[in-house]
Amino acid sequence: MEAKASVNYIRVSPRKARLVVDLVRGKRVEDALTILSVTPKASARIVKNLLKSAVANASHDRNIDVDTLFVDTIYVNEGPTLKRFRARAMGRAGKIQKRTSHITVVLKER
Numbered sequence: 187m188e189a190k191a192s193v194n195y196i197r198v199s200p201r202k203a204r205l206v207v208d209l210v211r212g213k214r215v216e217d218a219l220t221i222l223s224v225t226p227k228a229s230a231r232i233v234k235n236l237l238k239s240a241v242a243n244a245s246h247d248r249n250i251d252v253d254t255l256f257v258d259t260i261y262v263n264e265g266p267t268l269k270r271f272r273a274r275a276m277g278r279a280g281k282i283q284k285r286t287s288h289i290t291v292v293l294k295e296r
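At position 95 of the sequence shown (counting the first as 1) the number is 281 in the numbering used here, and the numbers step up by one without a gap.
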């Protein structure tokens, strides 16, 4: 059995979010939550909450024992980019791209 959770349009760069996601792929859920709680990245808090949501989905919807779960699949896709401009010298404008992410996690029983 598997449980799934996803979060969309997160205002974190996909490149930065993948650094955190790679830390927990293939780990037991308890170990993954411990790793994320001590990781000093902004996306670590988001991934931790997403993992908790997937665990809640597993226990409530599927009646799966939480102790047997591990992170089977976790990935980050690129969301839409918010385009902004910053005023520069001599009447020019610099482009700023605020990137967004879609994060998905799938938990399975071991």
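Beta carbons: idealized from backbone N, C-alpha and C, even for Gly.
This one's a predicted model, so the numbers in the text were calculated from it and none came from an experiment.
CB of residue i within 8 Å of CB of residue j, strictly
{"i": "L255", "j": "V207", "result": "no"}
{"i": "L222", "j": "A230", "result": "yes"}
{"i": "L205", "j": "V241", "result": "no"}
{"i": "K202", "j": "V257", "result": "no"}
{"i": "V224", "j": "I260", "result": "no"}
Residues that residue i bridges to, as DSSP identifies them
{"i": "H288", "result": "N263"}
{"i": "A193", "result": "Contrary to the premise, residue 193 reads as Val rather than Ala in this sequence. The partner list for V193 (beta bridge, DSSP) reads I289."}
{"i": "A279", "result": "A273"}
{"i": "K294", "result": "E188 and F256"}
Residue i, buried or exposed, once every other Cβ within 10 Å from all chains shown has been counted against 16
{"i": "P200", "result": "buried"}
{"i": "L268", "result": "exposed"}
{"i": "A275", "result": "exposed"}
Spatially closest choice to residue i from the options, by CA coordinates
{"i": "K234", "options": "Q283, V210 and R278", "result": "V210"}
Below-8 Å beta-carbon distance, residue i vs any chain C residue
{"i": "A275", "result": "The chain inventory of the structure shown lacks chain C, comprising one protein chain alone."}
Between the stretch 277-296 and the stretch 188-196, do three or more beta carbon pairs fall short of 8 Å?
yes
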